[in-house]
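What follows is one structure encoded as C-alpha cells, with my remarks underneath.
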Amino acid sequence: MRVVEVISDTNIGGAGVLLCNRLRHKSEDIETVVVLPRGSRLLPRLSELGVPAVQMRRCRDRSLDPLAIPELIAILKSLKPDIVNSHGCASARVAARLSGARVSVYTRHCCFPIKRIYEQKLTRSLTAFTSKLTCDAVIAVSPAVKRDLALMGVPRSMVKVIVNGAEPLRLLNSEERAAKRRELAVPEGATVVGIFARLEKCKDHETFLKSARVLCDKGGEYRFLIVGTGSTEAHLKRFCKDLGLEKKVVFTGFVEDISPLMSITDINVNCSVGTETSSLALSEGMSLGVPAVVSDFGGNCYMVKDGVNGFVYPQRDWIALADAIIRLSDKKLYTKFSKNSLERFERELNAERMASETAEFYRQLYRAKEKRSI
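Residue numbers (numbering that gives the first Met the number 0): 0 to 373.
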C-alpha cells in the first residue's frame, strides 16, 4: 500500500514534528512518500528518516491554493497512491479526488473557538457535503478536535481520533543536569518552571509571566524558562522587564533538542488560549515524568487529568496558575503526579502507539474501499 502525505508547511511546526514522529515507526507494508513545498525545513528530517519527498512549487503555508491543484494532480497521478493524507492542505484533498486516488484523508491538527456562522444549519450542512465530497475520513489529533469538527458539521462517523504521540526525551544524568542549571544560573534548590511553546498570542505567555510575578512576590526561589521563538518575542521581553523579572526569566530562543531544558524543568506549563490539541511539549515532558499545569482550553484537559498528573486552571487566570504551581511543591503529591505522568506517556502518548493506530486505520480504509469496488 502506498501512502502520500501532503503537508504545506515550509517551517517545522507541530504537524511536521508529528508526521516525522510517526514515520520513525513506519510499517513494512506501507510505502510512504511526502509531498511538501520546495525548500521546506522538513526536508532534512525526512532525509534522515529515509523517507522520499517530492517538492511542489506552490501551497507554501497555505491550505487552499487553487493554482496548486493542477500541480498536485500531476504529482499524485505520477505517484499512484492508494491513500492521500492531507495535513493543512485543502488543495491536496481536492487534487486527491480529481487524480483518482483510492482514499482521501485529512488530518486536523488545530483547535479553535468555533465561529458563530457554524450555528446556522445551512453552514453545517454545507460543511458535511464538502467533507463527504473531498475525503473519506478525517483524523482528529485529540477528542477536542473531534468535538469541534462535529460542531462545524463534519459527520462524527467520518472522524477517527488518533492522539498525537511524542518520542521520549533523553533524561540527563545528575551531573549533566547540574551543569545545565549552572549554565542558566539556576540557584541550587530553585524550582524551575518552563513553558515550551511558540511565542505567539494564542500561547498566552503574558499569563505565564504574570503568574511568575505572583510566585516571586509570595516568596520561594524560582526560575522560569520560556523556550521557543515567535512574533511576540520582543513584546514579551519588554513585558518581562516591566514586571521586574529579568533575573528570574530565561528566554532560550529556538532549541532543536529540548531534552536538556526539560530535564531540569520541575513543572511544565501550558497557557494556551487557542489552537491547542494534544501538545507534544506536554507529552515530551511526561516522558521524563514532569507534571504539568495547563489552561482549560482545547485538548489540554485530555492531556492533563486534574489532580492525577497535574492541575488544570481557568485560562488567563494567573492567580490560579500560581496557586497550582505552589500546590505542586508538596513532595508527596509531586512524586505521585510524576509517576502518573510517565505511566500516561508510556500507555497513551508515545509515537509508537500513534504510528501503529494510524497504520491500522489506513489498512481499514484501504480494505473498505476495496470491498466497495468489487
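A virtual CB, placed ideally from N, CA and C, is assigned to each residue, including glycine.
Please confirm whether Gly297 and Glu275 have their CB atoms less than 8 Å apart.
Yes, the pair counts as a contact, with Cβ atoms nearer than the cut-off.
Look at Ala127 and Ser90 and say whether their C-beta atoms are less than 8 Å apart.
Not a contact, by the Cβ cut-off of 8 Å.
Quick check: what's the CA-CA separation for Leu121 versus Asp147?
Rounded to whole angstroms, Leu121 to Asp147 spans 17 Å at the Cα level.
With distance defined between alpha-carbon atoms, name the residue in Ser46, Thr264 and Asp135 nearest to Ser103.
It is Asp135.
My output table needs one value for Leu287: the three-state DSSP class, helix, strand or coil.
In this structure, Leu287 counts as coil in the three-state DSSP scheme.
For Asn163, is the classification buried or exposed, using 16 other Cβ atoms within 10 angstroms of its Cβ as the cut-off for buried?
Label assigned to Asn163: buried.
Report all residues from its chain with a CB closer than 6 Å to the CB of Arg352; omit the five preceding and five following residues, and keep chain order.
Hits under 6 Å: Gly164.
Taking Leu281 as the reference, which of Ser355, Asn299 and Gly273 has the closest Cα?
Nearest C-alpha to Leu281: Asn299.
So Asn10 packs on Glu166, CB below 8 Å; how close in whole Å?
That belief does not hold up - the Cβ atoms of Asn10 and Glu166 are roughly 19 Å apart, past 8 Å.
Between Val273 and Pro112, what straight-line distance do the alpha-carbon atoms span, to the nearest angstrom?
The sequence shown places Gly at residue 273, rather than the Val named in the question. Distance between the alpha carbons of Gly273 and Pro112: 7 Å.
Could you name each continuous beta strand (DSSP E) segment of 3 residues or more that falls completely within the segment 237-277, going from the start of the chain to the end?
Within the segment 237-277, the complete beta strand (DSSP E) runs of at least 3 residues are 248-252 and 266-269.
Quick one: what's Val293 bridged to in DSSP?
Answer by DSSP bridge pairing, in chain order: Asn269 and Val311.
Please tell me whether Lys236 and Ala211 are closer than 8 Å, where the distance is taken between their beta carbons.
Contact: no.
Let me make sure I understand the geometry here. Which of Cys88, Ile194, Asp216 and Pro259 has the alpha-carbon closest to that of Thr406?
Any property of residue 406 remains undetermined from this structure, which presents the chain solely from 0 to 373.
Please go through the same chain and pick out, in chain order, the residues whose beta-carbon is closer than 6 Å to the beta-carbon of Arg315, but skip the five residues on each side of it.
Result list for Arg315: Thr206, in chain order.
CB-CB under 8 Å to Thr231, same chain, minus the five flanking residues each way: which ones, in chain order?
So the qualifying residues of the chain are Leu198, Glu199, Lys200 and His204.
Return the CA-CA distance between Leu341 and Gly288, expressed in angstroms with no decimal places.
Using only the alpha carbons, I get a separation of about 5 Å.
Buried or exposed for Pro154, going by 16 or more other Cβ atoms inside 10 Å?
Pro154 should be labelled exposed.
Buried or exposed for Pro36, please, with buried defined as at least 16 other CB atoms from any protein chain shown within 10 angstroms of its CB.
Answer is buried; the Cβ neighbour count reaches 16.
I'd like to check one pair, Phe238 with Leu214: are the Cβ atoms closer than 8 Å?
Cβ atoms of Leu214 and Phe238: not closer than 8 Å.
Take Ile375 and list the residues in its own chain whose beta-carbon comes closer than 7 Å to its own, dropping the five residues that flank it on each side.
Since the first and last residues shown for the chain are 0 and 373, residue 375 lies out of range.
In terms of residue numbering, what span does the beta strand (DSSP E) encompassing Phe223 cover?
It spans Tyr221 to Val226 - the beta strand (DSSP E) in which Phe223 sits, taken as one unbroken run.
Using only CA atoms, which one of Pro80, Val5, Gly13 and Ile29 lies nearest to Thr357?
For the residues Pro80, Val5, Gly13 and Ile29, the minimum Cα distance to Thr357 belongs to Ile29.
Which ranges would you report for the beta strand (DSSP E) in the segment 32-94 if only whole runs of at least 3 residues count?
If we require 3 residues or more, the beta strand (DSSP E) runs fully inside the segment 32-94 come out as 52-55 and 82-86.
Give every residue of the same chain whose Cβ lies closer than 8 Å to the Cβ of Leu171, excluding the five residues on either side of it in the sequence, and list them in chain order.
Cβ neighbours of Leu171 beyond the five flanking positions: Lys179, Ser258, Pro259, Ser262 and Ile263.
Rounded to a whole number of angstroms, what is the C-alpha to C-alpha distance between His108 and Val144?
In a straight line, the C-alpha of His108 is about 8 Å away from that of Val144.
Quick check: Thr106 and Val158, are their CB atoms within less than 8 Å of each other?
In this structure, Val158 does not lie closer than 8 Å to Thr106 by Cβ.
Arg169 by DSSP, collapsed to three states: which one?
Three-state DSSP puts Arg169 in coil, outside helix and strand.
Return the chain-ordered list of same chain residues with a C-beta closer than 8 Å to the C-beta of Tyr365, the five sequence neighbours on each side being excluded.
Here the set comprises Met0, Asp81, Ile82, Arg101 and Val102.
Please name the residue in Pro142, Ile116, Gly252 and Gly243 whose C-alpha comes closest to that of Met151.
It is Ile116.
Using 10 angstroms around the beta-carbon of Arg222, count the other beta-carbons present and answer buried if the total reaches 16, otherwise exposed.
With 16 or more other Cβ atoms within 10 Å, it is buried.
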